[in-house]
Amino acid sequence: MRTLNPQLLKNGEAVTLDAVTILDFGDFRDCLLAEVRKQGRVAACFGVPVAEGGRDLELFALVARDRNACVAVYRTRISERFPSLTPDCPQMHLFEREIAEQYGVVPEGHPWLKPLRFHSAWRSGADVWGRPADQHPRIGEMEFYRVDGEGVHEVAVGPVHAGIIEPGHFRFQCYGEKVMHLEISLGYQHRDIERMLQNGPHPSTMAQMETIAGDTSIGHGLAHCQVLEALSGCEVPAQAQAIRAVALELERLANHVGDIGALAGDVGFLPTFSYCGRLRGDYLNLTAALCGSRFGRGLVRPGGVLFDLEPALAGEMLARLKGIEGNTMGALDLFFDAPSVLSRFEGRGRVSRSVAEDLGLVGVAAKACGVPRDSRFFHPTGVYRQLFDDLITEETGDAMARARMRSREITVSIELLRRIMDTLPEGPIRAQMGPLQGNALAISMVEGWRGEVVHVGLTDGDGRLRRYKIVDPSFHNWSGLAMAMRDEQISDFPLCNKSFNLSYCGFDL
Amino acid sequence: MLELFLHLLLLFGLSPLLPGVIGKTKALFAGRVGPPFLQSYYDIWKLLGKGLVISRTTTWVFRAGPVLGLAVPVLAALLVPFGAIGAPLSFAGDLIFFVYLFGLSRFFTAAAALDTGSSFEGMGAAREVTFSCLAEPTVFFCFIVLARLSGSLSLDAMFGQALNAGWQSAGPSLVLVLACLFVVVLVENCRIPFDDPNTHLELTMIHEVMVLDHSGPDFGMILYGAAMKLFVLGALVVRLVFPGATENVLLDTLLFSGSMLLLAVVIGVVESTMARLRLLRVPQLLVGTMLLSFFSLILLLR
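Line by line, the protein sequences give chains A and B.
Residue numbers for the first sequence follow the working numbering, beginning at 133 and rising by one.
Residue numbers for the second sequence follow the working numbering, beginning at 925 and rising by one.
What follows is the structure, given as structure tokens:
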């Protein structure tokens, strides 16, 4: 195999397209497989039509090399069909299904080639599954994997659920109470966000970015801003970097605390359920104190932030945080000290380390399996470069490990908030944004509370976005949930599901 | 006649208060105000005034479930003394009638659930019958202990004055019986740690999932029936703890009502401080309870 030196770039950097060699598909494949063998992971993979209306497709794969704090960019060209990489590299399975659905190209030999989000192909006359082009495909209409035999039954849950949650369809193949297989079918909230950004950024873009997944407003907003800043070469002031980190950690705290409360609620453990429900609100209110929105909408903008964190406000927030912290630790202790709770979570929904690596899980779900994945640590930007050094992992990979991960990250985040707010640099909070660089590619990775949020922007010759790729952590992690349910009791599904707590709309885009 | 009237009045009037007290206790633990004490009355009243939606795939069995669910606790209540107020209906061997009355209603609830053809309800029915057939021996062992103590085969006598002497002569045995009956109350009324009456997660439900398709007056009957079942089974536990009588009907009634509410508070405390058991653990616990009740019989016979 020839060794090819790929174009490397760091998180939040841009590279001109000319600098990225176009490999032929064989080399592309070899390079990608070699990267994955060397513990690289596919952060994003997407297609771009070579010419408007043409049938040829350019394929980009961005492989994160965590140990070297960089991302390798590979680029190739394909036409109507290409040999699937999935059999050798399971991380690619959803990316290939996505490309097949968007552009109607066939990854030959893909073991699980089904629609992903049930939208019509982006190019006319090219549907892999031969669905009629003149109408929207029926969501969830596909061949589900089926198990036959005596005593085997199928349970379908959703898309309308009993609780107030997002829509998604779960198809279980069960033998009695035991789950043999779970297939997850999403797409009910597909909004086509990626294509809304074409020729952008538009005035409405920031608002759209903040609602890719409503609970990750800061995460996605920040990832988008970093892409634009990389493309325009904008240097974000230190104070703005600090405020962004404060907002990101507050978002993490609110969601982690809320998740542990929801986990307690699922097993009917009321004390933690009730406390955490209230405490989540307290963390959200801290974000509101910062910018007026409990979810941080309208705080992060390209070039910086819109709301300053004065020392007086920082002092007040720290004082409030101290009180909330005490209550949070109390609620968490109740949860982790109750034997009846521990017996529900320990050993449930186990994902092995090798499965987690194969599927390319990220965030809490990966760290719970002992796989170190944290872009704050491996690909730091802003204040994380100096202040973040606490990468946490758990070993067991079960629901308990995911709960513990959250609880430990809560401690780390609170400590981190203190460090950031104690050393606020002051100064301007927003820099002027220049025009975007033409024919360039930029990547940004933000460790949202669920895991790594990846945004990739590709500009045309005029410096407008030609293709924008969004990878929410849920994109990878839903497969982890499906694997976690194997051989589990079906009655433990809600608990396993909650321990992952993935986003439906973040997946659907 | 007065006793029968008082009996039914207590059953129909007081039983919906128990879920209210449990809810209030849980709310107190959670630092919430919680729904009012009378919420169950409001709910039942509201449901009785609503329309019905019945799936086309169902038959008369589906309608029979709620009717039995309401009729059975009323019938069963007639066999049980409410505190010092004796049972209006009593005959030798009525303990077997009592147990299988509930068996009958369970059969029809499960059949009604299967009648809908929903996979959820089938799962719920399977779970319900598994757990209740494990709880049944416990009930019988407990009843045998009490029958032996009182020398009678009717519930009225078993839970009557003989208990006073029983606590003197066979205290340890009765403590075990009490623990077992309390577990039976929890499991038969789908309380935490066996089932979570408040959950909205279809896949983990036991009893709730079987009645998912019922609506309007049918569901009102189910709620009312469930409250009465809690009342009737709870009355056994309460009688076991407070076997005395004051000879004053009014005072006895008050004492009984007060101790029923106390039982509801205890259930509320259990629900507030425990997580639900994993479904696989429930049969294990029930078998354990069965052994415990068997042991109480051995203690008595030794």
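Each residue gets a CB set at the ideal place from its N, CA and C atoms; glycine is no exception.
_Residues of the stretch 946-957 of chain B with Cβ closer than 8 Å to any Cβ of chain A, in chain order_ = Those would be K950, F953, A954, G955 and R956, in chain order.
*Inter-residue spacing [alpha-carbon to alpha-carbon] between V998(B) and T982(B)*: Residue 998(B) sits at position 74 when you count from the first residue of the second sequence. Residue 982(B) sits at position 58 when you count from the first residue of the second sequence. Rounded to the nearest whole angstrom, the C-alpha separation of V998(B) and T982(B) is 26 Å.
*asked:* In the DSSP output, what is Q267(A) paired with across the bridge?
replied: Residue numbering aside, residue 267(A) sits at position 135 when the first sequence is read from its first letter. For Q267(A), which the question treats as bridged, DSSP gives no partner whatsoever.
*Just the Cα atoms here: how many angstroms apart are S979(B) and P335(A)?*
Counted from its first residue, the second sequence places residue 979(B) at position 55. Counted from its first residue, the first sequence places residue 335(A) at position 203. So the two alpha carbons sit approximately 50 Å from each other.
*Helix, strand or coil: how does DSSP classify S1078(B) here?*
Taking the first residue of the second sequence as position 1, residue 1078(B) is located at position 154. Note: S1078(B) maps to coil in three-state DSSP.
*May I ask which residues mark the beginning and end of the alpha helix (DSSP H) holding Y636(A)?*
The residue labelled residue 636(A) in the question sits at position 504 within the first sequence. Y636 to D640 is the extent of the alpha helix (DSSP H) around Y636(A).
*Between the stretch 1110-1128 of chain B and the stretch 1004-1022 of chain B, are three or more C-beta pairs nearer than 8 Å?*
In short, these stretches do not touch, since the Cβ pair count stays below three.
_Nearest-angstrom Cβ-Cβ length linking G502(A) and E527(A), presumed shorter than 8 Å_ = For this step, residue 502(A) is matched to residue 370 along the first sequence. For this step, residue 527(A) is matched to residue 395 along the first sequence. Rounded, the Cβ-Cβ distance is 5 Å, consistent with contact.
*Pick from Q223(A), P567(A), K499(A) and H352(A): whose alpha carbon is nearest that of R534(A)?*
Walking along the first sequence from the start, residue 534(A) turns up at place 402. Checking every option, the nearest Cα to that of R534(A) belongs to K499(A).
*V578(A), DSSP secondary structure in three states*: For the purposes of this step, residue 578(A) is taken as the residue at position 446 of the first sequence. Strand, per DSSP.
*Which residue or residues does DSSP assign as beta-bridge partners of T148(A)?*
In the first sequence, counting from the first residue as 1, residue 148(A) sits at position 16. DSSP, once it has assigned bridges, lists A572(A) as partnering T148(A).
_Residue from L930(B), V1190(B), G1095(B) and D1142(B) with nearest C-alpha to V1004(B)_ = The count along the second sequence starts at 1 and reaches residue 1004(B) at position 80. Taking each of L930(B), V1190(B), G1095(B) and D1142(B) in turn and checking the Cα distance to V1004(B), the smallest one comes out for L930(B).
*asked:* Any beta carbon from chain B within less than 9 Å of M133(A)'s own beta carbon?
replied: The count along the first sequence starts at 1 and reaches residue 133(A) at position 1. A caution first: M133(A) carries a pLDDT of 48, below 50, which makes its placement in the model unreliable, though a value can still be read off. For M133(A), no CB of chain B lies under 9 Å from its own CB, so it is not counted at the interface with that chain.
*Under 9 Å between beta-carbons, which chain B residues line up against Q305(A)? List them in chain order, please.*
Along the first sequence, one-based indexing puts residue 305(A) at 173. Under the 9 Å cutoff, chain B gives no residues; its nearest Cβ is about 12 Å from Q305(A).
*Three-state class that DSSP yields for K175(A) in the structure shown*: The count along the first sequence starts at 1 and reaches residue 175(A) at position 43. According to the sequence shown, residue 175(A) is Ala rather than Lys. Three-state DSSP puts A175(A) in a strand.
*Can you list the alpha helix (DSSP H) stretches of 4 or more residues lying completely in the stretch 185-258 of chain A, in chain order?*
As far as the stretch 185-258 of chain A is concerned, its whole alpha helix (DSSP H) runs of at least 4 residues are 225-235.
*Is the number of C-beta pairs between the stretch 617-625 of chain A and the stretch 469-486 of chain A that are closer than 8 Å three or more?*
Counting Cβ pairs under 8 Å, three or more are found: they touch.
*With DSSP run on the structure shown, which of helix, strand or coil describes R598(A)?*
Residue 598(A) sits at position 466 when you count from the first residue of the first sequence. Correct three-state label for R598(A): strand.
*With 9 Å as the threshold, decide whether the Cβ of E426(A) is near any Cβ in chain B.*
Here residue 426(A) refers to the residue found at position 294 when the first sequence is read from its first residue. Residue 426(A) is actually Arg in this sequence, not Glu. Closer than 9 Å: no.
*Closest Cβ-Cβ distance between Y407(A) and chain B: below 9 Å?*
Walking along the first sequence from the start, residue 407(A) turns up at place 275. Yes - at least one Cβ of chain B is within 9 Å of the one on Y407(A).
*asked:* 9 Å is my cut-off, CB to CB: does T1040(B) come that close to chain A?
replied: For the purposes of this step, residue 1040(B) is taken as the residue at position 116 of the second sequence. No Cβ of chain A is located within less than 9 Å of the beta carbon of T1040(B).
*Taking the runs of the alpha helix (DSSP H) that are 4 residues or longer, which of them lie wholly in the stretch 478-503 of chain A?*
Listed in chain order, they are 485-491 and 495-499.
*Could you name the residues of chain B that H268(A) contacts, counting a contact when the two beta carbons are closer than 9 Å?*
If you number the first sequence from 1, residue 268(A) lands on position 136. None at all; the shortest Cβ gap to chain B is about 28 Å.
*Alpha carbon to alpha carbon, how far is F1055(B) from I552(A)? Give it in angstroms, no decimals.*
Your numbering for residue 552(A) matches position 420 in the first sequence. Your numbering for residue 1055(B) matches position 131 in the second sequence. Here the alpha carbons of F1055(B) and I552(A) stand approximately 55 Å from one another.
*Beta-carbon proximity of L1110(B) to V1194(B), cut-off 9 Å*: Translated into positions along the second sequence, residue 1110(B) becomes position 186. Translated into positions along the second sequence, residue 1194(B) becomes position 270. Yes. Within cutoff.
*Going along the chain, which residues of its own chain have a beta-carbon closer than 8 Å to the beta-carbon of L597(A), five neighbours each way excluded?*
Along the first sequence, one-based indexing puts residue 597(A) at 465. The answer, listed in chain order, is L329, Q330, N331, G332, P333, L568, G589, L590 and T591.
_Residue closest to I1009(B), alpha-carbon to alpha-carbon, out of S1181(B), S1029(B) and G973(B)_ = As a working note, residue 1009(B) is residue 85 in the second sequence. Residue S1181(B) holds the alpha-carbon nearest to the alpha-carbon of I1009(B) among S1181(B), S1029(B) and G973(B).
*May I have the straight-line CA-CA distance separating T404(A) from T343(A), to the nearest angstrom?*
Counting from 1 along the first sequence, the entry for residue 404(A) is found at position 272. Counting from 1 along the first sequence, the entry for residue 343(A) is found at position 211. For T404(A) and T343(A), the distance between alpha carbons rounds to 29 Å.
*DSSP state of C306(A), grouped into three classes?*
For the purposes of this step, residue 306(A) is taken as residue 174 along the first sequence, with counting starting at 1. Here DSSP, grouped into helix, strand and coil, assigns C306(A) to strand.
_Threshold first: 3 residues or longer. Then list the beta strand (DSSP E) segments lying entirely within the stretch 1032-1112 of chain B, N to C._
Fully contained in the stretch 1032-1112 of chain B is no beta strand (DSSP E) run of length 3 or more.
*Which stretch, first to last residue, makes up the alpha helix (DSSP H) that contains V1190(B)?*
Against the second sequence, residue 1190(B) aligns to sequence position 266. Taken as a continuous stretch (DSSP letters only), the alpha helix (DSSP H) holding V1190(B) covers V1173 to T1197.
_M133(A) burial status per 10 Å Cβ neighbour count (16 or more: buried)_ = Counting from one through the first sequence, the residue named residue 133(A) turns up at place 1. In this predicted model, M133(A) has a pLDDT of only 48, less than 50, meaning its place in the structure is not dependable; the value taken from the coordinates is given anyway. Looking at its Cβ environment, which holds fewer than 16 other Cβ atoms inside 10 Å, M133(A) is exposed.
*Are Y636(A) and E361(A) touching if we call contact CB-CB under 9 Å?*
Along the first sequence, one-based indexing puts residue 636(A) at 504. Along the first sequence, one-based indexing puts residue 361(A) at 229. Cβ atoms of Y636(A) and E361(A): not closer than 9 Å.
_Test: V152(A) CB closer than 9 Å to a CB of chain B_ = The sequence position of residue 152(A) within the first sequence is 20, counting from 1. So no, V152(A) is outside the interface.
*chain B within 9 Å of I622(A), Cβ atoms only*: Looking up residue 622(A) in the first sequence gives position 490. Output row for I622(A): interface = yes.
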